[in-house]
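Throughout the sequence shown, residue numbering follows our numbering, covering 14 to 357 in sequence.
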Amino acid sequence: MDELRNNIAYKDSDGNPTAPFFVAGAGWDQLWTRDTAYAVELAAGLVRPEVSRQSLGTCTEDVVLKQHHDYSDGSTAATATSTSTSTTRTVWYQDKCGHFGGWPNLSDAIVGARGAWHLYLYTGNSTFLEWAYETTVNSLVRAEQQVLLGGGGDGDAAANATDNANANAIGDDGFRNRLFGGCSSFMESNSGYPKHYSNHGDLVGKTKALSTNMLYYNGYHYAYQMGTILMENSQTVAVLKQRSKALKRSIRDRLWSEDQGSYAYFEDEDGNLMEHTEGLGVALVLLSEDFESARRVKILLEHTHRTALGIPSLWPRFDLGDFPENNDNHIAQRYHNGRIWPCE
């Protein structure tokens, strides 16, 4: 720990916590679920466990959810025997952005589960784990009801209106070959998408991003592990395990491009693959437990674009215009468009 305290990252963390939470960074005084979760996982949970716990505890919101038969544990989700058809539950808070808005166009709030799981690994705090389990399961229920999309193309919206209107309709068969809609985790700006998505959050919400779907896979997987440790309701834990496997199949079947030798950035609103590489999405594939085959790992490592400074957030760049470097538009169109970001 003495060596750790002399580390620049440890020293920098002294300037970030405020009252007593982590903020997104210099010039960004908000508490973001996404930034908090990744920071906690990457070491903040080790060097600042109490600030990490309080920060994650603030990254929540209360929403109204329909009752849900598949999760029978009354402490985590509305039950089939509930006298009400809806209930208020605490879920991971969805960050918002200026170009695309918030939920459901952005839907990566489940990233909170990554931060929570790793904070538990750092601290062994079982009381915190109970809270994190409940928040994560509630968040998965919300996503299943509101952003789980169908088999591809514009028909998704119509299919979802039917399937997800009934909270009990998503059994194993209803979950098969479906992906979660919404913007890529972290690439939430016009610079991270082709021109026709510019300021059209509703259209971005119809796409299915690799990174966001990997976070949902993580959400199910970590919730299953949490529930197993806590000896929670066995039916709920079994459903979580089944759905992590089902989503894994969907991601591997629908988002993999054999020709590209990599995963696509996202599946668009028409069911077509956007065969650019998303640095964060690929990283989550490689870091996620029990997900990828040795063959594909080898292919990914061989085909991922590298620069002298690291792996870019997106490659190749989208053509969003050519502006001189001293022009504000140059920075705006490169912000998420092929730049190197430290979390990747």
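Every residue, glycine too, gets a C-beta built ideally from N, C-alpha and C. Being a predicted model, the structure only gives us computed values, none of them experimental.
Outcome for residue i when other beta-carbon atoms lying within 10 angstroms are tallied against a minimum of 16
i, result
"valine 160", "buried"
"lysine 219", "buried"
"methionine 244", "exposed"
"lysine 221", "buried"
"glutamate 291", "buried"
"aspartate 332", "exposed"
"glutamate 271", "exposed"
"threonine 320", "exposed"
"threonine 46", "buried"
"valine 104", "buried"
"glycine 351", "buried"
"isoleucine 353", "exposed"
"serine 197", "buried"
"alanine 307", "exposed"
"leucine 142", "buried"
"glycine 195", "buried"
Beta-carbon contacts of residue i that lie in its chain and below 8 Å, excluding the five residues immediately before and after
i, result
"serine 301", "Met227, Tyr230, Asn231, His234"
"histidine 131", "Val53, Glu54, Gly58"
"valine 310", "Leu299"
Residue from the options whose Cα sits closest to the Cα of residue i
i, options, result
"asparagine 212", "Leu78, Leu297, Leu313, Gly115", "Gly115"
"proline 207", "Thr98, Arg256, Phe279, Thr225", "Phe279"
"tyrosine 210", "Asn138, His112, Ala296", "His112"
"glycine 274", "Pro33, Leu313, Met239, Tyr106", "Leu313"
"alanine 126", "Arg352, Phe193, Met239", "Met239"
"cysteine 110", "Thr100, Leu132, Ser202", "Ser202"
"glycine 214", "Glu288, Pro117, Thr100", "Pro117"
"serine 33", "Ala56, Ser65, Val60, Asp48", "Note that residue 33 is proline in the sequence shown here, rather than serine. Closest option to proline 33, Cα to Cα, is Ser65."
"lysine 258", "Val295, Phe304, His289, Leu293", "Phe304"
"valine 124", "Tyr133, Gln107, Asn138", "Gln107"
"glutamate 358", "Leu153, Val295, Thr101, Glu143", "Any property of residue 358 remains undetermined from this structure, which presents the chain solely from 14 to 357."
"alanine 122", "Phe141, Glu74, Leu134", "Glu74"
"tyrosine 146", "Gly323, Tyr133, Ile324", "Tyr133"
Sub-8 Å separation of residue i and residue j beta-carbons
i, j, result
"leucine 78", "alanine 129", "no"
"proline 62", "threonine 136", "yes"
"lysine 261", "tyrosine 237", "no"
"valine 217", "arginine 155", "no"
"asparagine 190", "serine 263", "yes"
"valine 53", "glutamine 43", "no"
"leucine 162", "phenylalanine 188", "no"
"serine 120", "threonine 225", "yes"
"cysteine 72", "threonine 98", "no"
"serine 326", "leucine 293", "yes"
"glutamine 80", "threonine 101", "no"
Close beta carbons around residue i, own chain, < 6 Å, minus the five adjacent residues each side
i, result
"methionine 200", "His349"
"leucine 268", "Leu223, Tyr276, Ala277"
Neighbourhood of residue i by C-beta, 7 Å cutoff - its chain only, sequence neighbours within 5 removed
i, result
"aspartate 281", "Thr220, Met287"
"arginine 347", "Ser204"
"arginine 256", "Phe188, Tyr233"
"aspartate 167", "Because the pLDDT of aspartate 167 is 46, which lies under 50, any placement of that residue in the model is unreliable, and the number read from its coordinates should be weighed accordingly. Contacts found: Glu282, Asp283."
Residue i: CB within 7 Å of a non-hydrogen atom of the ligand NAD
i, result
"aspartate 121", "Looking at this structure, you won't find the ligand NAD or any other ligand, since it has none at all."
- Within the segment 223 to 292, ranges of the alpha helix (DSSP H) (whole runs, at least 4 residues): 223 to 243, 247 to 267
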